[in-house]
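The structure under discussion appears below in the form of structure tokens.
In full-length UniProt numbering, the protein residues as written are 1 to 341.
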């Protein structure tokens with residue numbers, strides 16, 4: 001039997017160093033795996049995703065990207081946003097079903113194209129006057145299951161100062177910004193319509209065929225967010241009659257997610273903790289949250305600019321054309337540089 005090799009002090013030090021590095025790497029991998037498993041388990045326990053959903057990988061994103069590339073050939077003059085993070089919005093909303101995600105993706109751009117200048121393709125500064133009214137708020141808190149909370153005060157909106165379509169545009173923009181967070185993409189969003197002080201005239205304005213059909217199309221067919229529920233609060237009896245006229249626009253699933261709380265704030269609090277609601281809804285959030293949210297919207301000008309820059313059926317969006325012209329300017333900062341796109 002050969003004698004054991006004699007190790008020098010330097011040999012021992014090298015082995016200890018190598019073992020320490022290996023142990024450190026294993027611990028890092030273990031910590032990362034634990035974090036991933038814990039995060040996934042929390043979502044699964046909350047019933048937000050299934051084990052099958054979690055298996056989505058880079059291959060799924062690649063497949064979606066290929067579908068987008070194919071669409072550019074199928075739809076003449078189609079040049080959408082194609083980065084992975086944006087595609088993930090649609091994949092997560094449709095539980096990683098590429099075909100369903102792509103259908104929503106194409107519908108999203110069709111909606112943007114046909115409603116440009118009415119609901120879509122605005123920059124935050126264009127709608128600053130609306131956010132100054134404190135009628136739209138993406139709560140800084142979330143539901144118990146992690147969903148986002150969009151609060152829209154439609155009852156107190158002065159229709160002489162802002163139209164229902166401008167209000168829609170503001171909500172569309174707020175939701176786009178909210179979807180930058182992974183939690184909103186996975187856990188979805190709940191919408192609260194505060195109808196305090198609403199009048200009969202306003203009710204019929206909101207129930208207008210064109211407005212409500214566009215709202216239903218956006219929520220149900222193209223916007224990359226899971227709408228977990230729509231809640232009406234402080235609504236008068238007349239709302240029940242108006243609601244019957246718009247139910248044909250809604251799917252059975254969506255109708256099952258609509259809740260009417262009337263003036264019962266305790267009923268609303270069964271779905272939303274007071275900590276996540278403003279004071280007018282019996283919550284604890286101060287009035288300053290509206291100012292804070294407006295600041296968040298303004299800070300996301302670059303994001304909104306990017307999402308609004310596309311070509312659909314050979315027609316360039318306003319932002320796409322402006323950005324392209326800016327990029328060709330030789331001696332000045334371009335729009336993209338200014339907005340850090």
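Yeah, the Cβ is synthetic: ideal placement off N, Cα and C, and Gly gets one too.
Can you say whether residue i is buried or exposed, counting buried as having 16 or more other CB atoms within 10 angstroms of its CB?
| i | result |
| --- | --- |
| residue 200 | exposed |
| residue 237 | exposed |
| residue 84 | exposed |
| residue 190 | buried |
| residue 194 | buried |
| residue 240 | exposed |
| residue 150 | buried |
| residue 209 | exposed |
Could you pull the start and end residues of the alpha helix (DSSP H) that residue i belongs to?
| i | result |
| --- | --- |
| residue 202 | 200-206 |
| residue 190 | From DSSP, residue 190 is part of no alpha helix (DSSP H) but of the beta strand (DSSP E) over 189-194. |
| residue 259 | Residue 259 -> not in any alpha helix (DSSP H); beta strand (DSSP E) instead, spanning 258-260. |
| residue 176 | 164-178 |
Going along the chain, which residues of its own chain have a beta-carbon closer than 8 Å to the beta-carbon of residue i, five neighbours each way excluded?
| i | result |
| --- | --- |
| residue 123 | 301, 304, 305, 308, 319 |
| residue 166 | 127, 130 |
| residue 179 | 89, 185, 224, 225 |
| residue 212 | 206, 246, 249 |
When DSSP labels each residue in this structure, what does residue i get in the three-state scheme?
| i | result |
| --- | --- |
| residue 47 | Low confidence applies to residue 47: its pLDDT is 47, below 50, so where it sits in the model is not reliable, and the reading given next is rough at best. Coil, per DSSP. |
| residue 304 | helix |
| residue 243 | helix |
| residue 131 | helix |
| residue 85 | helix |
| residue 225 | coil |
| residue 230 | strand |
If you drop the 5 nearest sequence neighbours on each side, which residues of the same chain put their C-beta closer than 6 Å to that of residue i?
| i | result |
| --- | --- |
| residue 278 | 285 |
| residue 153 | 135, 194 |
| residue 80 | 109, 310 |
Tell me, please, whether the CB atom of residue i is closer than 9 Å to any CB atom in chain C?
| i | result |
| --- | --- |
| residue 115 | Here chain C cannot be found, since the structure has a single protein chain. |
Along the chain, where does the beta strand (DSSP E) that runs through residue i open and close?
| i | result |
| --- | --- |
| residue 152 | 148-153 |
| residue 137 | 136-138 |
Between which residues of its own chain and residue i is the CB-CB distance below 7 Å, once the five residues before and five after are set aside?
| i | result |
| --- | --- |
| residue 94 | 100, 101, 104 |
| residue 274 | 282, 283, 284 |
| residue 263 | 234 |
Open item on the list: Contact between the region 282-299 and the region 135-146 is defined here as three or more beta-carbon pairs at a separation below 8 Å; is this criterion met?
Closed with: yes
Task: Meets three-Cβ-pair contact criterion under 8 Å: the region 180-194 and the region 142-151 - done: yes
Task: the region 223-232 / the region 253-270 touching (three or more Cβ pairs under 8 Å) - done: Judged by Cβ distances under 8 Å, the region 223-232 makes contact with the region 253-270, as three or more pairs qualify.
Open item on the list: Can you confirm whether the region 242-257 touches the region 159-176 when touching is taken to mean that 3 or more C-beta pairs between the two stretches lie within less than 8 Å?
Closed with: no
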